[in-house]
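Protein chains in written order, with the numbering used here: chain A, 1 to 290; chain B, 291 to 660. Here a beta-carbon is modelled for each residue, glycine too, at the ideal position from N, C-alpha and C.
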Amino acid sequence: VVKIHPVVLLSHPFRTKMSVYGPVVKIHPVVLASIADSYERRNEGAIRVIGTLLGTVEKHTVEVTNCFSVPHNESEDEVAVDMEFAKNMYELHKKVSPSEVIVGWYATGFDITEHSVLIHEYYSREAQNPIHLTVDTALQSGRMNIRAYVSAQMGVPGKTVGVMFTPLTVKYISYDTERIGVDLLQRTRTSPGRTIGLTTDLEQVGAASSRIQDMLATVLTYTEDVLSGKVTADNTVGRFLTDLVNKVPKISAEDFESMLNSNINDLLMVTYLSNLTQAQIALNEKLICL
Amino acid sequence: LTCIRYPGKRRFVSSFLSTQSVKMAARKESVPTAAATAAASPAPASGNTLDSPVKQIQIEGLVVLKIIKHYQEEGQGNEVVQGVLLGLVVEDRLEITNCFPFPQHTEDDADFDEVQYQMEMMRSLRHVNIDHLHVGWYQSTYYGSFVSRALLDSQFSYQHAIEESVVLIYDPIKTAQGSLSLKAYRLTPKLMEICKEKDFTPEGLKKANVGFECMFEEVPIVIKNSHLINVLMWELEEKSTLADKHELLNLSSSNHLEKSLQLLMDRVDDMSQDIVKYNTFSRNLSKQQQQKHQYVQRRQQENVQRQSRGEPPLPEEDISKMFKPPQAPPRMDTLLIAGQINTYCQNIKEFTSQNLGKLFMAEALQGHNS
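So this is what it looks like as structure tokens:
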């Protein structure tokens, strides 16, 4: 197939939830943070950064779990990508996680340029049907738009053919521990100097319970509004609420007391034991040094 | 570029330096060069043994996410995952800006060269403007058991080569219970001295006055995000449809307590065996002293008798050759075991205090209802 004019067409960036033809792309937060970081560290004069995406491919989803940036040079008429570097890095990464494969590539910036087509072609040799991710780190539209595309041939076969990038649905997933890490990182948004320290145990419990308290307050205001007629009742929400209320276990007071007491006793005993052990080893140390 | 080998399941640590690693502290944002060169030399100035060169660690969000992902994908059960931390030193802060994981040790891959892997990785990262200076390493832990000979050796060689390095201990199980558990440790200067001398006898340790509590010092951690990452966080919060799972408010504790106590018991058993060994040693030593004493006395008596009979006295024999002193058992292991027991106890206490709080809260809520 000969490409005469590499025509690039962006399908309308419509924000529907329907997935157009193509796999669903699931991204982990570490990938996005890595991309933002490499954008911040780009060379002087470079407008955008590109890199390889690593992950796993399943039948209808592509899960992107890692990435690394690749040095490249872009000017008006030509683009040069250091593919040796990319191959090297991929080998190194494979040593750590042998199950990750190249699933596509990313570029920062809002549009898909002609150079992207060429780069996409490079990557088509490395992976089947690579996906292309754009992250708008320059915040051109006021937000950081994250989009994924897959390429498809289009045009009149035999005459002018080109490549079209069709958008894909992007979902964000994370492991439980990742989510907990991201929750912690979220807090830097509101602190001055963008720094936070790690909290101590009881403070964390306090924070978690105040979050639940807020959620309960929201639910209560909603129910009151419905009762007083300010808001029309919604059946699905009502069903969720009944579920919620029914989930609270009903135990008799004595059972609860005994369960509570046995748990507290266990914990107190363990605390006593650990204090005793600590005293014991401190004593042992003093005796040896006599 | 410094390259340091990692403690594998049974491997030891070795390290080699190049002169470039010494110039670690000289970066553009750093203090005037006089202080920089002073901090860069591996042997600290003599007066500076009390305050540590690193008062705070600043980690970027990206590093936290990478460490979490590494354990999640490659660590199973009680296997340990390790990696290298990259960053720079700014005044008395150690900034960690990136990291890369280290492959698991595979016994069947004998020709895998760790040093080469590190060099390649760091060279490549330099190409994309990532800080390529080694500032420490990270390791995951299983229920808090990380105080071991291997860790001590690694951290010692790191700190010897690069004064400001730290080891980050990531506890995935505690994190899964609701809150990120990341701690940074360094060896105290006293412990560094001992490791340098390799004098692990009881007298040596007594002289240095090192207890299990002053082996490691914890350095406070602060997490910092750049503005762009903050923007990303806002985006993620909107788009992410995951529901909170509130693991932190989970009331069940017996599983965790059981495992922690099991580990504690194992360690205490080790400790008691060690104590028995030491006791037998000191008993042997004192018995030997007595024997020596008796021997000398008998000698003297004989000599006196011989003199009275006019015979030449028996030659003085070298007593120390006859009674060889028993080998003093090395005390470093005891110190490590004691340190580990201490860590376990601290963790258990943190856990129980959290759970007690939660139980009291549950009681208050239930009392409210009924």
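Let me check one thing: in DSSP terms, what residues is residue i bridge-paired to?
i: A152/A; result: M164/A
i: W524/B; result: According to DSSP, W524/B bridges with nothing at all.
i: Q372/B; result: Q429/B
i: A506/B; result: Reading off the sequence shown, one finds Phe at residue 506/B, where the question assumed Ala. F506/B pairs with L477/B.
i: P391/B; result: G373/B
i: R321/A; result: This structure leaves residue 321/A out entirely; chain A is present only between 1 and 290.
i: S69/A; result: G51/A
i: G104/A; result: L53/A, I131/A
i: R383/B; result: Q346/B, V380/B
i: S435/B; result: Y432/B
i: A86/A; result: Looking at the DSSP assignment, A86/A forms no beta bridge with any residue, so it has no partner.
i: I459/B; result: Q429/B, K473/B
So, does the CB of residue i fall closer than 7 Å to a CB anywhere in chain A?
i: G501/B; result: yes
i: P603/B; result: no
i: I463/B; result: no
i: S654/B; result: Note that residue 654/B is Ala in the sequence shown here, rather than Ser. False, the Cβ-Cβ gap to chain A never drops below 7 Å.
i: E453/B; result: no
i: C504/B; result: no
i: G351/B; result: yes
i: M411/B; result: yes
i: A466/B; result: yes
i: N515/B; result: yes
i: Y296/B; result: Confidence at Y296/B is low in this model, with a pLDDT of 45, below 50, so its placement is unreliable and the value that follows should be read with caution. Output row for Y296/B: interface = no.
i: P393/B; result: yes
i: L646/B; result: yes
i: I358/B; result: yes
i: V371/B; result: no
i: M523/B; result: yes
Determine, for residue i, whether the minimum Cβ-Cβ distance to residues of chain B falls below 7 Å.
i: Q278/A; result: yes
i: S97/A; result: yes
i: Q204/A; result: yes
i: Y175/A; result: yes
i: S274/A; result: yes
i: A356/A; result: The structure shown does not extend to residue 356/A, since chain A spans only 1 to 290, so no value can be given for it.
i: E285/A; result: yes
i: L92/A; result: yes
i: T232/A; result: no
i: V226/A; result: no
i: P249/A; result: no
i: P29/A; result: yes
i: V24/A; result: no
My output table needs one value for residue i: the three-state DSSP class, helix, strand or coil.
i: F641/B; result: helix
i: Y361/B; result: helix
i: A329/B; result: Confidence is the limiting factor: at A329/B the pLDDT is only 34, short of 50, which leaves the residue's position unreliable and the question unanswerable from this model.
i: L276/A; result: helix
i: N145/A; result: coil
i: P322/B; result: Model confidence at P322/B stands at a pLDDT of 35, short of 50, so the residue's coordinates are unreliable; what they give is reported in the following sentence. Reduced to three states, the DSSP call for P322/B is coil.
i: K250/A; result: coil
i: T61/A; result: strand
i: K648/B; result: helix
i: A208/A; result: helix
i: H291/A; result: Outside the shown range of chain A, which is 1 to 290, sits residue 291/A, and nothing can be said about it.
i: S444/B; result: helix
i: V226/A; result: helix
i: Y172/A; result: strand
i: V25/A; result: strand
i: H422/B; result: coil
i: A233/A; result: coil
i: A138/A; result: coil
i: I452/B; result: coil
i: L472/B; result: strand
Tell me whether residue i counts as near the ligand SAH, meaning its Cβ is closer than 6 Å to at least one heavy atom of that ligand.
i: R573/B; result: As presented, the structure is devoid of all ligands, the ligand SAH included, so that no description of it is given.
Residues in the stretch 38-51 of chain A with C-beta within 9 Å of chain B's C-beta atoms, listed in sequence order? S38, Y39, E40, R41, R42, N43, V49, G51
Report the residues of the stretch 561-593 of chain B with a CB closer than 8 Å to any CB of chain A, ordered along the chain. Only those residues of the stretch 561-593 of chain B whose C-beta falls short of 8 Å from the nearest C-beta of chain A are listed: M561, I565, Y568.
Counting only Cβ-Cβ distances shorter than 9 Å, please list the residues of the stretch 59-90 of chain A near chain B, keeping chain order. Taking 9 Å as the Cβ-Cβ cut-off against chain B, the residues of the stretch 59-90 of chain A that qualify are T65, N66, F68, S69, V70, P71, D82, F85, N88, M89.
Contiguous alpha helix (DSSP H) assignments of at least 4 residues, all confined to the stretch 540-611 of chain B: For the stretch 540-611 of chain B, whole alpha helix (DSSP H) runs of length 4 or above, ordered along the chain, are 544-599.
Can you list, in chain order, the residues of the stretch 132-154 of chain A whose Cβ is nearer than 8 Å to any Cβ on chain B? Correct list: T137, L139, R143, M144, I146.
Tell me which residues of the stretch 414-427 of chain B have at least one Cβ-Cβ distance to chain A shorter than 7 Å, keeping chain order. S414, H417, V418, N419, I420
What residues in the stretch 624-638 of chain B have a beta carbon less than 7 Å from any beta carbon of chain A? A628, I631, N632, C635, I638
Could you please tell me which residues of the stretch 255-267 of chain A, in chain order, have their CB closer than 8 Å to any CB of chain B? F256, L260, N263, I264, D266, L267
Taking a Cβ distance cut-off of 8 Å, strictly less, list which residues of the stretch 209-224 of chain A are near chain B, in chain order. Against chain B - using a Cβ distance shorter than 8 Å - the residues of the stretch 209-224 of chain A are S209, R211, I212.
Can you list, in chain order, the residues of the stretch 178-189 of chain A whose Cβ is nearer than 9 Å to any Cβ on chain B? Contact annotation: in the stretch 178-189 of chain A, residues whose CB is within less than 9 Å of a CB in chain B are E178, R179, I180, G181, V182, D183, L184, L185, Q186, R187, T188, R189.
Contact residues within the stretch 95-120 of chain A, judged by C-beta distance below 7 Å to chain B: If the cut-off is 7 Å between Cβ atoms, the stretch 95-120 of chain A has K95, V96, S97 near chain B.
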